[in-house]
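Here is the structure we will look at, set down as structure tokens.
Number of protein chains: 2
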Amino acid sequence: MTHSSRHTRTLRHSPLACGMCTGHQAGLCDMTSPAAPHKPRASQRTVLEVPAGADIVRQGEIGRNSYTVLDGWLFLYCLLQDGRRQILGFALPGDRVNLQIMPRPNAFSIQALTAATVCALPHERLVEALQRHPAAAVTILDLVTCAERIAYEHMTSLGRRTAWERTGHFLIEVYCRSRKTFPAGDAHAITMPFTQSHIADALGLTAVHVNRTLRKMVAENLIAYDHRTLRILDPDRLAEATGFDRDVSLAGPACRDGLDPR
Amino acid sequence: MTHSSRHTRTLRHSPLACGMCTGHQAGLCDMTSPAAPHKPRASQRTVLEVPAGADIVRQGEIGRNSYTVLDGWLFLYCLLQDGRRQILGFALPGDRVNLQIMPRPNAFSIQALTAATVCALPHERLVEALQRHPAAAVTILDLVTCAERIAYEHMTSLGRRTAWERTGHFLIEVYCRSRKTFPAGDAHAITMPFTQSHIADALGLTAVHVNRTLRKMVAENLIAYDHRTLRILDPDRLAEATGFDRDVSLAGPACRDGLDPR
DNA sequence: CCCCCACATTGATCTGGATTAAGAGACCCG
DNA sequence: CGGGTCTCTTAATCCAGATCAATGTGGGGG
Chain R
17 MTHSSRHTRT LRHSPLACGM CTGHQAGLCD MTSPAAPHKP RASQRTVLEV
67 PAGADIVRQG EIGRNSYTVL DGWLFLYCLL QDGRRQILGF ALPGDRVNLQ
117 IMPRPNAFSI QALTAATVCA LPHERLVEAL QRHPAAAVTI LDLVTCAERI
167 AYEHMTSLGR RTAWERTGHF LIEVYCRSRK TFPAGDAHAI TMPFTQSHIA
217 DALGLTAVHV NRTLRKMVAE NLIAYDHRTL RILDPDRLAE ATGFDRDVSL
267 AGPACRDGLD PR
Chain C
17 MTHSSRHTRT LRHSPLACGM CTGHQAGLCD MTSPAAPHKP RASQRTVLEV
67 PAGADIVRQG EIGRNSYTVL DGWLFLYCLL QDGRRQILGF ALPGDRVNLQ
117 IMPRPNAFSI QALTAATVCA LPHERLVEAL QRHPAAAVTI LDLVTCAERI
167 AYEHMTSLGR RTAWERTGHF LIEVYCRSRK TFPAGDAHAI TMPFTQSHIA
217 DALGLTAVHV NRTLRKMVAE NLIAYDHRTL RILDPDRLAE ATGFDRDVSL
267 AGPACRDGLD PR
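In the order they appear, the protein sequences are chains R and C. Numbered according to my numbering, the first sequence spans residues 17 to 278. Numbered according to my numbering, the second sequence spans residues 17 to 278.
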């Protein structure tokens, strides 16, 4: 718990109560009373408070839960034997991670980037829910499918975009997803919870080179970036130059509208 | 259609009849008679013959179907404006691609690597199936979830592994998945339908460098590779050195066993 | 109020993989 | 059977981004 708690504070202005998450709409938390989805029984859910930097899922262990983010930021990452790290994606309030139907050795770890609150759902509970509430299946499948599309977009960045393009692409994605989730605050600036090392590990670069690239974009008047406060000065030009496609990277799952705090 | 047709021939020895695909087990093709899943009505399915090199899904267009591969190899890829290509993954007989619950602009294209036969399933048909046959939801979710795990593994390769590691990792994956799907033939060799350019675009490298790397691995006595015939001489050493994890990269979806031609 | 420490920044140098170029096979088609 | 076209192979050179090395700096804890 370093100074990330500082950022956490700014992010806490729109926490989701457990009753507001997609899980309830889809009947995932309160399966015993689908008629009153917004009054889940306490026994059906497990809300966890996670300090910044703690892992909630550990690569190699057997995963038994999926998690809905209620507050804070999470990121998924994969570690190689020698410590090289690849950040695979991140999750904001309303997002679900580790959706699975059965326990398996985790292919990745999930860490809280800021202090976070998550709601755990055991896999078998998810399976039951799918059996009982067919509509939930559609919601969940759409969620996973959107996650897959974003993963593919990241693969394209990693394999075929330059450092400059990757960085810009990543910044727009973080910026847009963050503003969508936390609509309050300065209309045109966000505070990123990511360290430049996190960005590097997400983009397959080194922190040094990420820094240079960020400074370059500032010099080019495309962004303002200071103390992790990001402002995108020319969104259209940046999106164009980095090949950012909001239909892919921002495609919300179809059934999530009721969740969006706006 | 160049000489890939040559390879196609060798791959045609175990075509799947449409009635054998997972779709039937899950009630996806023949939704009107779940009791007799192996006798689908013709009207419920569309089998397509696709020549090598043809796209069955085109990036940017609105996708309306998912496809089950019955014969041949497909690959998914994403094109940037200027023509740079990233290959996102590949599919063999029994695999399903483009599982979606609703039409959306496609985030990627899907191309037949060899001549292929696929069975199309409209998205709305999939949704109906999920509603009517809850068990199908579990199958499908597991499929998508496994695809996501493999995508994450590829991201890790692209972002954090060296050219040598990526190449080795890719070869083992192709080798294992291919032998699992086409168990007949030379017990220890497979014929790859991929060009070295395909491999390059899958690994974020150039064809020249892929070639050098392959030659190097041959010189190191790890593999034999000639005319696209691949033999892995020291699987354990290669898996170890490239960080290949069969629990992730080969994890079959839970409910696919009945599909496996063996 | 100062110290500490994780982060950010900047410069110098190195290198893995890209680019360019030029043959050599293999297969196809006429 | 001969010419055309992909694909593969190898060598020479280049460069984007890595690595190595300092120095700056803000904020939280003592």
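We treat Cβ as the ideally placed atom computed from N, Cα and C, and that holds for glycine.
Checklist entry - alpha helix (DSSP H) containing A131(R): first to last residue? => result The residue given as residue 131(R) occupies position 115 in the first sequence. Counting along the chain, no alpha helix (DSSP H) covers A131(R), and no H or E run does either.
Checklist entry - Span of the beta strand (DSSP E) holding D87(C)? => result Walking along the second sequence from the start, residue 87(C) turns up at place 71. Segment 81-87, the beta strand (DSSP E) holding D87(C).
Next on the checklist: Which same chain residues end up closer than 7 Å to L159(C) when comparing Cβ atoms and leaving out the 5 residues on each side of it in sequence?
Outcome noted: Working through the second sequence from its first residue, we reach residue 159(C) at position 143. Here the set comprises R112, L115, P269.
Checklist entry - Would the beta-carbon of V224(R) fall within 9 Å of that of A179(R)? => result Here residue 224(R) corresponds to residue number 208 of the first sequence, with the count starting at 1. Here residue 179(R) corresponds to residue number 163 of the first sequence, with the count starting at 1. Not in contact: V224(R) and A179(R) (Cβ atoms no closer than 9 Å).
Checklist entry - Got a sec: is the Cβ-Cβ distance from L219(R) to anything in chain C below 9 Å? => result On the first sequence, residue 219(R) is found 203 positions in, with the first residue counted as 1. Interface annotation, L219(R): in contact with chain C, CB-CB separation under 9 Å.
Checklist entry - Taking Cβ to Cβ, would you say Q102(C) is nearer than 9 Å to R176(R)? => result Along the second sequence, read from residue 1 onward, the residue named residue 102(C) stands at position 86. Along the first sequence, read from residue 1 onward, the residue named residue 176(R) stands at position 160. Note that the C-beta distance between Q102(C) and R176(R) is below 9 Å.
Checklist entry - With a Cβ-Cβ cutoff of 9 Å, do L146(C) and I117(C) count as a contact? => result Reading the second sequence from its first residue, position 130 is the one you call residue 146(C). Reading the second sequence from its first residue, position 101 is the one you call residue 117(C). Yes, the pair counts as a contact, with Cβ atoms nearer than the cut-off.
Item to check | Candidates R74(C), P199(C), T172(C), of which the one nearest A218(R) by Cα | outcome: Along the first sequence, one-based indexing puts residue 218(R) at 202. Checking every option, the nearest Cα to that of A218(R) belongs to T172(C).
Next on the checklist: Quick check: the Cα distance between K196(C) and T229(R), rounded to an integer number of angstroms?
Outcome noted: For the purposes of this step, residue 196(C) is taken as the residue at position 180 of the second sequence. For the purposes of this step, residue 229(R) is taken as the residue at position 213 of the first sequence. C-alpha separation (whole angstroms): 44 Å.
Checklist entry - According to a CB-to-CB cut-off of less than 8 Å, which residues of the region 162-182 of chain R neighbour chain C? => result Taken in chain order, the members of the region 162-182 of chain R whose beta-carbon sits within less than 8 Å of a beta-carbon on chain C are A163, E164, R165, A167, Y168, E169, H170, M171, T172, L174, G175, R176, R177.
Checklist entry - Given a threshold of 16 other Cβ atoms within 10 Å of its Cβ, counted over all protein chains shown, does E164(R) qualify as buried or as exposed? => result Looking up residue 164(R) in the first sequence gives position 148. Buried, by the Cβ-count rule.
Item to check | chain R contacts made by the region 120-135 of chain C, where a contact means CB separation under 8 Å | outcome: Correct list: R120, P121, A123, F124.
Checklist entry - At a Cβ cut of 7 Å, what residues of the region 63-95 of chain C count as close to chain R, listed as they run along the chain? => result Flagged, chain order: C94.
Next on the checklist: Closest to T130(C) by C-alpha separation, out of F124(C), G105(C), G110(C), D87(C), would be which residue?
Outcome noted: Mapped onto the second sequence, residue 130(C) falls at position 114. Nearest C-alpha to T130(C) among F124(C), G105(C), G110(C), D87(C): D87(C).
Item to check | Interface residues of chain R facing D263(C) [CB-CB closer than 7 Å] | outcome: If you number the second sequence from 1, residue 263(C) lands on position 247. Those within 7 Å of D263(C) in chain R are P121.
Checklist entry - Checking contacts by CB at 9 Å: is Q147(R) closer than that to chain C? => result On the first sequence, position 131 is the one that residue 147(R) refers to. Output row for Q147(R): interface = yes.
Checklist entry - Using 9 Å as the limit for Cβ to Cβ distance, is R101(C) near chain R? => result Start at 1 with the first residue of the second sequence, and residue 101(C) comes out as number 85. True, the Cβ-Cβ gap to chain R drops below 9 Å.
Item to check | Beta carbon of R120(C) nearer than 9 Å to that of D263(R) | outcome: Residue mapping note: residue 120(C) aligns to position 104 of the second sequence, counting from 1. Residue mapping note: residue 263(R) aligns to position 247 of the first sequence, counting from 1. A contact, by the Cβ cut-off of 9 Å.
Item to check | chain C residues whose Cβ lies nearer than 7 Å to that of Q116(R) | outcome: Walking along the first sequence from the start, residue 116(R) turns up at place 100. Per Cβ cutoff of 7 Å: T161.
Item to check | Coil, strand or helix - R74(R) by DSSP | outcome: Against the first sequence, residue 74(R) aligns to sequence position 58. When secondary structure is reduced to three states using DSSP, R74(R) falls in the coil class, being assigned neither helix nor strand.
Next on the checklist: Taking its Cβ as the centre, do 16 or more other Cβ atoms sit within 10 Å of V66(R), making it buried, or is it exposed?
Outcome noted: Position 50 of the first sequence holds residue 66(R). Buried is the call here.
Checklist entry - From this set, D250(C), Q127(C), H185(C), E169(C), which residue's C-alpha is nearest I72(C)'s C-alpha? => result Mapped onto the second sequence, residue 72(C) falls at position 56. Nearest in C-alpha terms to I72(C), of all of D250(C), Q127(C), H185(C), E169(C), is Q127(C).
Next on the checklist: Counting beta carbon pairs with one atom in the region 132-140 of chain C and one in the region 68-82 of chain C, are three or more of them shorter than 8 Å?
Outcome noted: As far as the Cβ criterion goes, the region 68-82 of chain C touches the region 132-140 of chain C, which means the pair count is three or higher.
Checklist entry - By a C-beta neighbour count over all protein chains shown, 10 Å radius and 16 as the cutoff for buried, is R148(R) buried or exposed? => result Within the first sequence, the letter at position 132 stands for residue 148(R). With fewer than 16 other Cβ atoms within 10 Å, it is exposed.
Checklist entry - Leaving out five residues before and five after P251(C) in sequence, what residues of the same chain have Cβ atoms less than 6 Å from its Cβ? => result As a working note, residue 251(C) is residue 235 in the second sequence. Nothing listed; no residue qualifies.
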